Each structure stands twice: as structure tokens, then as C-alpha cells.
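Below is one structure; the comments refer to it alone.
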Amino acid sequence: MPDNNFEYGVVLTTVSSEEQGKAIAKSLLNEKLAACISIFPLQSLYTWQGEMNQDREWQLIIKTRLDLLSELKTKIQSLHDYEVPEIIALPIVDGSKSYLQWLGSNTTSDLSS
Amino acid sequence: MPDNNFEYGVVLTTVSSEEQGKAIAKSLLNEKLAACISIFPLQSLYTWQGEMNQDREWQLIIKTRLDLLSELKTKIQSLHDYEVPEIIALPIVDGSKSYLQWLGSNTTSDLSS
Amino acid sequence: MPDNNFEYGVVLTTVSSEEQGKAIAKSLLNEKLAACISIFPLQSLYTWQGEMNQDREWQLIIKTRLDLLSELKTKIQSLHDYEVPEIIALPIVDGSKSYLQWLGSNTTSDLSS
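Now the structure itself:
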């Protein structure tokens, strides 16, 4: 799948509560797997085992480096209460130089530290 | 326009009411043109026929396969009450394998069924 | 950084108040640096000078042409109250032809006018 020669990206995941969202966000920030994470409430409609469902969820918008995605997936899956959490990465193709430098300097990989 | 060799994507559209948003979402899910659709309120500022407008809208975040985009556009346009609805696709460049497999298995094209 | 051979895109920035968000949005629309801007509240968690912060912010989703990004960055930075505002561009890889034509005809560059 990786179609990914982009340095930075926005990773989306949804959670079932604000508390879990903030717990995941703080853990990712503490481990420098993301530099900034936004969170807001929404409703999700989806098909699960053939049934349509409608749940209140919280969306996380995780701004990070895409070379950290593998560690980020592992960390989210370890903290998430869903069996198959949404974890999808959208590419940042351009942006303010100072912001992207800040994003880069506030993220690091355990593998490289 | 299609710049699109990405398998999965996030399609954005806005609607004027929560009811219409949910009606479009349920129709797309029933026809397996999307696997998960999130919806939340926002305000939109835009220029229409030279005038600036500010409306309360609802944003749909449609998670799907980008080879379904043509059918998805037709379905949204048939249900939408705007003359020119926003329908834009952002590429998913990477993500959790299990989630993307679930996304793929919960979407299908009428053309292929 | 520019990884950007995409014509259209969604530019994200966050601001500290709804008023500032709308002021920036109206300025971008007046100068035809964007055709439509959505705004909604969220919470952001981030690291700044080694400290974790949690603020209420407003997210702007700016729909525009990516060849305007340099002017757009300059305009946002001139109006923004942050030292290093988030300004990141996600690519639109496909969409409704009529909407993208509307997007194109409602945006222009000072450099080309």
C-alpha cells in the first residue's frame, strides 16, 4: 500500500471518547511521534458486520512525519479500544517553511534516538 | 484533472443540513460506495456570483476507494440540493493494513458487481 | 519541500479565535486567494518550547489553487497572531468538474492580474 514519498503528513484516527482521544494524543506527543494533534467531536456512520451503525466519535488530526507512521500505528493500536481503528495518512505537499521545520524538530523516531 | 493513482481516499462534501448529510451518507453506505462517513457542523464563507456568503453547513468526510469516485459523484449530485456541490478527493497514501482491508471489503462498484 | 504538482488543494491553518479566523477568511476571499473557507472549533494539544499545551482553537479549511500558496502564506502570516502558524497544504487529486471549475474561476493571483 505505501504510496508514500511525502515527508510530512496528517494522520486521521477516530476514538469513542474525548478522554481516550486526549490520552492517545498525550502519549504520541510525549514520545515525539507527533508535534500537534487536534481533536473535535463528530458523528460517524459506517457498516460493521453487515449492519449500519451511527456513533458519536472524536476525530484526531495528527500532524507528523510520515517516516514515523509505522511506530505511530503501533502506539495507537496499543492504546485504542477498537478492534480495527481508523488510521489513515494524508500527504502534506507544501506548507510554511517555519511550521514544517517546527514539525520536524518536535518529532523523532525511537529507532533513530 | 484526475491526478489519481491512489487506491483509497477521503472525499469531502458539504451540505446545508444534518438531515441531508445523513440521507446522503446512508445512501452511499447502502450502495457500498463508502465504508465510513463522518459528519460535523461548521461555518463556510465563500464567494457566489460575486457576493461573499456565510452559511452554517455540515461537512461529510467520506472514506472510500478512489476507483468509485465517478459513481460517488453521480450519487451525491443526484441527492444534493446545491447546484454545484463541493466534491473533492484527498489521497490516502498509507494507513493501518487492517483498516484499509476493511475499507476495501466494505466498498464495491455497481459496475463490478 | 514542495512536492506539489497538484493544481488544487486544501490548506489548513488554525487560529486562536473565531473572530481572527473569519477576518483571515474574508481577507483571503476578497483577494481571491481562496474560493471557499470552512471554519470550526476544536482543541489542539502540542509541544511548544518543551512544554505540552492544550488550547481551544478554530480550524480553517481553505479550498484553493496550489499555485497561490506562496501568496496565501504571506497573507496568512501577515494577519495571524501566532509566531509560527500552521499552514499546510493537502492535495486534491480528483473532484467534481463543475466544482473545480468554480474553484478555479473564483481564485486568481495578484501576480497574474
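Heads up: the protein sequence lines correspond to chains G, Z and Y, in order. Once you know that position 111 of the first sequence is 1174 in this note's numbering, the rest is easy, because the numbers rise by one and skip nothing. Once you know that position 55 of the second sequence is 1118 in this note's numbering, the rest is easy, because the numbers rise by one and skip nothing. Once you know that position 102 of the third sequence is 1165 in this note's numbering, the rest is easy, because the numbers rise by one and skip nothing. By construction, the Cβ of each residue, glycine as well, lies at the ideal position given by its N, Cα and C atoms. Remember, predicted model here, so these are calculated numbers, not experimental data.
Through-space distance from residue j to residue i, alpha-carbon basis
i	j	result
Ser1161/Y	Val1147/Z	6 Å
Lys1089/G	Thr1076/G	14 Å
Ile1102/Y	Ser1101/G	14 Å
Thr1171/Z	Leu1131/Z	8 Å
Ala1097/Y	Leu1166/G	25 Å
Trp1121/Y	Glu1149/Y	12 Å
Asn1068/Y	Ile1087/Y	26 Å
Ser1133/Z	Trp1111/Y	43 Å
Ile1124/Z	Gly1158/Z	16 Å
Lys1126/G	Lys1126/Y	19 Å
Check whether residue i and residue j have beta carbons under 9 Å apart
i	j	result
Glu1082/Z	Arg1128/Z	no
Gly1072/Z	Val1156/Y	yes
Leu1092/G	Tyr1109/Y	yes
Asn1169/Z	Lys1085/Z	no
Leu1142/G	Ile1151/Y	no
Pro1104/Y	Leu1153/Z	no
Ser1107/Y	Cys1099/G	yes
Start-to-end residues for the beta strand (DSSP E) that takes in residue i
i	result
Glu1114/Y	Glu1114 to Arg1128
Leu1108/Z	Cys1099 to Trp1111
Range of the contiguous alpha helix (DSSP H) that encloses residue i
i	result
Tyr1162/G	Lys1160 to Ser1168
Thr1171/G	Segment: none, Thr1171/G is in no alpha helix (DSSP H) and carries neither H nor E.
Leu1131/G	Per DSSP, Leu1131/G belongs to no alpha helix (DSSP H) and is neither H nor E.
Asn1093/Z	Glu1081 to Asn1093
DSSP beta-bridge partners of residue i
i	result
Ala1152/Z	Val1074/Z and Asp1157/Y
Heavy atom of the ligand FAD within 8 Å of residue i beta-carbon
i	result
Leu1105/Y	In the structure on display, the ligand FAD does not appear, and there are no ligands present to speak of.
Cβ contact (3+ pairs, closer than 8 Å) linking the region 1128-1138 of chain G and the region 1107-1120 of chain Y | no
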